[in-house]
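A.B. asks: Going left to right, the sequence shown walks through residues 1 to 252 as my numbering numbers them. By construction, the Cβ of each residue, glycine as well, lies at the ideal position given by its N, Cα and C atoms. Starting off with a structure, shown below.
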Amino acid sequence: MTQRKVALFVTCLVDMMRPRIGFAAIRALEAAGCDVVVPEGQTCCGQPALNSGDTDHAIALAKQTIVALEPYEAVVVPSGSCGGTIRCHYPELFEHDPAWLPRAQAVAGKTWEIMAYLDEICGWKPEGVQVDAKATYHDSCSGLRELGVKAQPRRLLKPIAGLELTPLAGEETCCGFGGTFCVKYPAISNAIVGEKADAIEATGADLLLAGDLGCLMNMAGKLNRQGSKVRAFHAIELIAGMGDGPAIGEEA
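Spelled out as structure tokens, the structure:
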């Protein structure tokens with residue numbers, strides 16, 4: 001069987017704050033039969049600049065990302081937020097640039113959130129993974145609304161032995177992170193994540209799972225400040241059999 005050659009777009013937060021997610025992504029993709037490459041030319045996708053109205057820098061970063069990712073059959077991202085930027089917003093950035101628009105569209109068309117790729121394209125499920133815990137899942141805004149990521153992570157989590165997944169009230173409601181939103185509007189952000197933390201606690205879950213590190217850091221931080229014992233992980237960590245390490249916010 002011919003291996004799919006995929007590029008892993010690591011994302012800034014994963015690279016700088018929790019590389020373990022990147023290694024988990026590679027492990028899962030390789031288990032699914034993919035030949036994984038981490039292109040050296042990648043940096044930021046440009047989302048913070050784009051969201052802040054700095055279109056010039058967003059375009060420069062998008063061009064750099066496109067050049068790094070175009071040689072590969074597929075681009076896989078462990079973040080609905082960054083994946084959504086590439087897939088949905090790159091073509092918009094180059095709408096009036098006939099030289100770059102086709103290149104942006106080509107990269108956008110082959111960019112996938114990792115759990116959607118594993119589930120929909122690879123048809124893969126984890127085997128031999130056990131996590132004896134009760135977990136709840138938060139649907140991050142960009143993954144859900146821009147990329148349609150909803151059922152895929154739950155299908156990948158279902159085969160994990162010992163894992164009980166319990167519904168979260170308001171699971172599709174924003175956690176208050178929103179990238180630069182939490183810096184621009186800290187009081188509103190804190191109020192939103194406070195409600196989210198209360199809902200998480202009400203589930204009685206041991207673990208909080210999601211598909212975006214920014215959201216997870218925001219929620220884990222609030223839970224920690226409230227003295228909660230709920231531990232936060234990117235879902236791909238559990239799916240890849242790497243849920244035995246320190247949770248987000250814990251010392252390694």
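Taking the Cβ atom as the reference point for each residue, do residue 8 and residue 24 lie within a distance shorter than 7 Å?
C.D. replies: By 1-based counting over the sequence shown, the position of residue 8 is 8. By 1-based counting over the sequence shown, the position of residue 24 is 24. No, these two residues do not count as a Cβ contact at 7 Å.
A.B. asks: Decide yes or no for the touch test of the stretch 107 to 117 against the stretch 73 to 80: beta carbon pairs closer than 8 Å, at least 3 of them.
C.D. replies: They touch, by the three-pair rule.
A.B. asks: Quick check: what's the CA-CA separation for residue 106 versus residue 70?
C.D. replies: As a first step, residue 106 must be located in the sequence shown, where it is residue number 106. As a first step, residue 70 must be located in the sequence shown, where it is residue number 70. Each residue's alpha carbon lies about 8 Å from the other.
A.B. asks: With a threshold of 8 Å, are at least 3 pairs of Cβ atoms found where one atom belongs to the stretch 229 to 242 and the other to the stretch 154 to 169?
C.D. replies: Touching, per the Cβ criterion.
A.B. asks: So, at 8 Å on beta carbons, what are the nonlocal neighbours of residue 118 in its own chain, with the 5 sequence-adjacent residues on each side left out?
C.D. replies: Position 118 of the sequence shown, counting from 1, holds the residue named residue 118. Correct list, in chain order: 28, 29, 32, 124, 152, 156, 239.
A.B. asks: For residue 138, count neighbouring C-beta atoms within 10 Å of its own C-beta (all shown protein chains included) and say buried if the count is 16 or more, exposed if not.
C.D. replies: Translated into the one-based positions of the sequence shown, residue 138 becomes position 138. With 16 or more Cβ atoms within 10 Å of its Cβ, residue 138 is classed as buried.
A.B. asks: If you check the beta carbons only, do residue 169 and residue 199 fall under 7 Å apart?
C.D. replies: The residue given as residue 169 occupies position 169 in the sequence shown. The residue given as residue 199 occupies position 199 in the sequence shown. Yes, the pair counts as a contact, with Cβ atoms nearer than the cut-off.
A.B. asks: Which stretch, first to last residue, makes up the beta strand (DSSP E) that contains residue 162?
C.D. replies: As a first step, residue 162 is located in the sequence shown; it is residue number 162 there, counting from the start. Residue 162 -> beta strand (DSSP E) spans 161 to 166.
A.B. asks: Just tell me which of 166, 243, 201 has its CA closest to the CA of residue 223.
C.D. replies: Here the question's residue 223 lines up with position 223 in the sequence shown. Of 166, 243, 201, the residue nearest in Cα terms is 201.
A.B. asks: Would you mind sorting residue 166 into buried or exposed? The rule is 16 or more other CB atoms within 10 Å of its CB.
C.D. replies: Along the sequence shown, one-based indexing puts residue 166 at 166. Residue 166 is exposed by the Cβ-count criterion.
A.B. asks: With residue 93 and residue 59 assumed to form a contact (beta carbons below 8 Å), what rounded beta-carbon distance in angstroms separates them?
C.D. replies: Counted from its first residue, the sequence shown places residue 93 at position 93. Counted from its first residue, the sequence shown places residue 59 at position 59. That pair is a contact at about 6 Å.
A.B. asks: Do the CB positions of residue 147 and residue 80 come within less than 7 Å of each other?
C.D. replies: Taking the first residue of the sequence shown as position 1, residue 147 is located at position 147. Taking the first residue of the sequence shown as position 1, residue 80 is located at position 80. Yes. Within cutoff.
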